[in-house]
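*Asks:* My questions will all concern the structure given below.
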Amino acid sequence: MSNDATGNNNNHTMNSSEEQEMLYNNPQKGKYYVVEINVDNKQKVVIGSCLVTYEWSDWRCLDYYWLQSVYVDVEHRRKGVFTKLFKHVENICKENNVL
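Going by this note's numbering, the sequence shown opens with residue 378, and the numbers climb by one from there.
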């Protein structure tokens, strides 16, 4: 177990539903992006995801996006799923003048 500088325990981990609720209630903290596929033309299944969080730089007077919590399903790795996520976020950055 580890403590932060104030002596508080910082080992709290959230489950994915808590994280999603946190972001839903506080969209300024970040945004999830997902890649979905259709299974049997009926159900969509998420095969990749990432979280983008935001930081403002006083040095450059610009926003930065941080790519975090990247996951690609094992069966879909090495098939361009991460590249698709990355390119999508990169395009959003370009549209919004973000680094």
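Virtual Cβ for every residue (Gly too), placed ideally from N, Cα, C.
Predicted model only: the values in this text are computed from it and were never measured.
Which stretch, first to last residue, makes up the beta strand (DSSP E) that contains K421?
*Replies:* From DSSP, the beta strand (DSSP E) with K421 extends over Q420 to S434.
*Asks:* According to the neighbour-count rule (16 or more other Cβ atoms, all chains shown, within 10 Å of its Cβ), is C427 buried or exposed?
*Replies:* Buried: at least 16 other Cβ atoms inside 10 Å.
*Asks:* Would you kindly check if the distance between the Cβ of T430 and the Cβ of Q445 is under 7 Å?
*Replies:* Contact: yes.
*Asks:* If you measure between the beta carbons of V451 and I424, is that distance less than 7 Å?
*Replies:* Cβ distance not < 7 Å, so V451 and I424 don't count as in contact.
*Asks:* L439 lies in the beta strand (DSSP E); which residues open and close that run?
*Replies:* Unbroken beta strand (DSSP E) run through L439: L439 to V449.
*Asks:* Taking the continuous alpha helix (DSSP H) assigned at N468, which residues delimit it?
*Replies:* Here the alpha helix (DSSP H) through N468 covers V458 to E472.
*Asks:* Would you identify the three-state DSSP class for N415, choosing helix, strand or coil?
*Replies:* Looking at N415 - three-state DSSP - the assignment turns out to be strand.
*Asks:* When you compare only the Cα positions, how much space is there between M399 and Y410?
*Replies:* If you take the alpha carbons of M399 and Y410, they lie about 15 Å apart.
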